[in-house]
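Engineer: Which chain is which? The protein sequence lines are A and B, in order. So in the numbering used here the end of the first sequence lands on 160, straight run, no missing numbers. So in the numbering used here the end of the second sequence lands on 160, straight run, no missing numbers. Ideal Cβ placement from N, Cα and C applies to all residues, glycine included. Note that the structure is a prediction, hence the values are computed from the model and not measured. Before I ask anything, here is the structure I am working with.
Number of protein chains: 2
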Amino acid sequence: MEATKSGVDKATRQALILTLISEKGLGTQQGVVGALADKGVEVAQATVSRDLAELGVLKVGSKYLALPHDPGTAGIEVLPSFVVGIVPAQNQVVVHTRDGTAGAVSSVLDRVRGLRTIGTIAGQDTVLVVCPGPYSARKTAGLIADVCRAKTRPAGNVVG
Amino acid sequence: MEATKSGVDKATRQALILTLISEKGLGTQQGVVGALADKGVEVAQATVSRDLAELGVLKVGSKYLALPHDPGTAGIEVLPSFVVGIVPAQNQVVVHTRDGTAGAVSSVLDRVRGLRTIGTIAGQDTVLVVCPGPYSARKTAGLIADVCRAKTRPAGNVVG
DNA sequence: CCAGTCGCCGGATATTTATTCAAGTTTCTG
DNA sequence: CAGAAACTTGAATAAATATCCGGCGACTGG
């Protein structure tokens, strides 16, 4: 069950897509097709459409955001609705949220893979995110900020 | 500042759009254009695109959902990520949520207009929604279920 | 009254994404 | 092994939505 035509199987391709999306700032399925081609993986836009839907990748403004989360749970796409402010400090990130939603926000952050966090603590309207170091703290803050900057939309429309 | 061409000003039209979306099960901008036309309001799809974006109407699966919420706060679009189960009983609706997210869910339900609710009480993973009567309870449960049935997406792309 | 601005709109078009259809493969079953 | 059933994919196409551009009426300061 591999090497259909372009040499990689579906799982590998989808993993590669996630990587490419994070590295380059891809924002369209055509762009993904191109980036894949550069890596020697040739697929059609239709396939990318299906892949993104299966991966649950979202679009923030006009960029894809590859931060997969545990399936069946909430992902970062809910953050814009709850997060009010984000302040990185040392190796921490202080996230201010709407009242009562801090618990939910921290629970979401815990489940999003790709974030370099050690742990989170939730109060009533504040979440403290502890990261390994200043760099990862800033990076994390930046990502959350990106997500909150614009409305997000699911890529794909997997209903079943 | 009114009656540009079709006889109604922008605000009136947008309000009408909200009504039409709830009444009929509109799912495309063309459909909205048509429904408006039936009411004697003639506008272009481009205008509807802008209106929906400004109104913050969402799309659930292939239907628009007109449940406006207080601007600047979370709307029902976050519910699919948090809600696990919905059970109407008498004049109440018991909503089971992921652990720690009940507070957020109840806070969202409180702010969504168009829901006939008297109040909500949140535990750790359960929200009790109290409605005026059995009918409104079932209706509310149905709406929440609809929202959770499929992934939602923002209509429009208001970034600024 | 006139010129400049501003918000709103329609028509046309571009952009982006989803889906349909028909293969090519693999897997399972009897 | 033959045949059926299930996946996966690409090409083409449809569908849906966003945007560009030009115009128009209202309003404002001079």
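Any Cβ of chain B within less than 8 Å of the Cβ of V78 (chain A)?
Structural biologist: Interface residue, yes.
Engineer: Considering Cα atoms alone, identify which of B:A74, B:P80 and B:L55 is closest to D99 (chain A).
Structural biologist: Among B:A74, B:P80 and B:L55, the Cα nearest to that of D99 (chain A) belongs to B:A74.
Engineer: Check P132 (chain A) in the structure and name its three-state DSSP category.
Structural biologist: P132 (chain A): coil per DSSP, three-state reduction.
Engineer: Go ahead and label V87 (chain A) buried or exposed: buried means 16 or more other beta carbons lie within 10 angstroms of its beta carbon, across all protein chains shown.
Structural biologist: Exposed, by the Cβ-count rule.
Engineer: Tell me, please, which residues DSSP counts as bridged to A122 (chain B).
Structural biologist: Beta-bridge pairing links A122 (chain B) to B:V127.
Engineer: Check for me: the alpha helix (DSSP H) holding I21 (chain B) runs from which residue to which?
Structural biologist: Here the alpha helix (DSSP H) through I21 (chain B) covers K10 to E23.
Engineer: Does DSSP put Q90 (chain B) in a helix, a strand or coil?
Structural biologist: Of the three classes helix, strand and coil, the one that applies to Q90 (chain B) here is coil, per DSSP.
Engineer: Would you tell me roughly how many angstroms separate the C-alpha atoms of D146 (chain A) and V60 (chain A), rounded to the nearest one?
Structural biologist: About 7 Å.
Engineer: Should T12 (chain B) go down as buried or exposed, given a rule of 16 or more other Cβ atoms within 10 Å for buried?
Structural biologist: Label assigned to T12 (chain B): exposed.
Engineer: Three Cβ pairs or more, each shorter than 8 Å: is that satisfied between the region 115 to 130 of chain A and the region 112 to 130 of chain B?
Structural biologist: Result no; under three Cβ-Cβ pairs closer than 8 Å.
Engineer: Using the rule of at least 16 other Cβ atoms within 10 Å of the residue's Cβ for burial, across every protein chain shown, is P132 (chain A) buried or exposed?
Structural biologist: P132 (chain A) should be labelled exposed.
Engineer: From the beta carbon of A145 (chain A), is the nearest beta carbon of chain B less than 8 Å away?
Structural biologist: So, not an interface residue.
Engineer: Using beta-carbon positions only, say whether G123 (chain A) and A102 (chain A) come within less than 8 Å of one another.
Structural biologist: Yes, the Cβ-Cβ distance between G123 (chain A) and A102 (chain A) is below 8 Å.
Engineer: Less than 8 Å between CB atoms is the rule here; does K5 (chain A) satisfy it with respect to chain B?
Structural biologist: Residue confidence is low: K5 (chain A) scores 46 on pLDDT, short of 50, so the model does not pin down where it sits. Its coordinate-derived value is still stated next. Chain B, which has no Cβ nearer than 8 Å to the Cβ of K5 (chain A), makes this no.
Engineer: Using a 10 Å radius around the Cβ and a threshold of 16 neighbouring Cβ atoms, would you call A37 (chain A) buried or exposed?
Structural biologist: Result: exposed.
Engineer: Using the three-state DSSP reduction, which class does K139 (chain A) fall into: helix, strand or coil?
Structural biologist: In this structure, K139 (chain A) counts as helix in the three-state DSSP scheme.
Engineer: Within 10 angstroms of its Cβ, does Q45 (chain B) collect 16 or more other Cβ (buried), or is it exposed?
Structural biologist: Q45 (chain B) comes out exposed.
Engineer: Could you tell me whether any Cβ in chain B is nearer than 8 Å to the Cβ of A66 (chain A)?
Structural biologist: Judged by the 8 Å Cβ criterion, A66 (chain A) is not in contact with chain B.
Engineer: Let me confirm a value: S106 (chain B) is counted as buried when at least 16 other C-beta atoms fall within 10 Å, else exposed. Which label applies?
Structural biologist: Answer is buried; the Cβ neighbour count reaches 16.
Engineer: Is the CB of G100 (chain A) under 8 Å away from at least one CB in chain B?
Structural biologist: It does: the Cβ of G100 (chain A) has a partner Cβ on chain B nearer than 8 Å.
Engineer: Tell me which residues share the same chain as K24 (chain B) and place their Cβ nearer than 7 Å to its Cβ, disregarding the 5 neighbours each side in the sequence.
Structural biologist: The answer, listed in chain order, is A35.
Engineer: In chain order, what residues of the region 34 to 50 of chain B put their CB closer than 8 Å to some CB of chain A?
Structural biologist: The residues in question: there are none.
Engineer: Ends of the alpha helix (DSSP H) at L79 (chain A)?
Structural biologist: Looking at the DSSP string, the run of the alpha helix (DSSP H) that includes L79 (chain A) is L79 to F82.
Engineer: May I ask which residues mark the beginning and end of the beta strand (DSSP E) holding L65 (chain A)?
Structural biologist: Where L65 (chain A) is concerned, the enclosing beta strand (DSSP E) stretches over K63 to L65.
Engineer: Give the straight-line distance between the Cα atoms of V41 (chain A) and L58 (chain A), rounded to the nearest whole angstrom.
Structural biologist: If I take the Cα positions, the gap works out to 22 Å.
Engineer: With a threshold of 8 Å between beta-carbons, can S22 (chain B) be considered close to chain A, or not?
Structural biologist: Chain A contact via Cβ: absent.
Engineer: Would you decide whether P134 (chain A) is buried or exposed? Buried here means 16 or more other CB atoms lie within 10 Å of its CB.
Structural biologist: Burial call: exposed.
Engineer: Of the residues A:Y64, A:N91, A:A104 and A:K139, which one's Cα is nearest the Cα of V127 (chain A)?
Structural biologist: Out of A:Y64, A:N91, A:A104 and A:K139, A:A104 has the C-alpha closest to the C-alpha of V127 (chain A).
Engineer: Going by other Cβ atoms of all chains shown within 10 Å of its Cβ, with 16 needed for buried, is S136 (chain B) buried or exposed?
Structural biologist: The residue is buried, with at least 16 neighbouring Cβ atoms inside 10 Å.
Engineer: Are the Cβ atoms of V83 (chain A) and V95 (chain A) separated by less than 8 Å?
Structural biologist: Result yes, Cβ atoms of V83 (chain A) and V95 (chain A) sit closer than 8 Å.
Engineer: On the premise that V93 (chain A) lies in contact with T140 (chain A), defined as a C-beta separation below 8 Å, what is that separation, rounded to the nearest angstrom?
Structural biologist: With 8 Å as the limit, T140 (chain A) and V93 (chain A) qualify as a contact, their Cβ atoms being about 5 Å apart.
Engineer: Taking the alpha carbon of V108 (chain A) as the reference point, which residue from A:S81, A:I76, A:V32 and A:A53 has its own alpha carbon closest?
Structural biologist: Among A:S81, A:I76, A:V32 and A:A53, the Cα nearest to that of V108 (chain A) is on A:I76.
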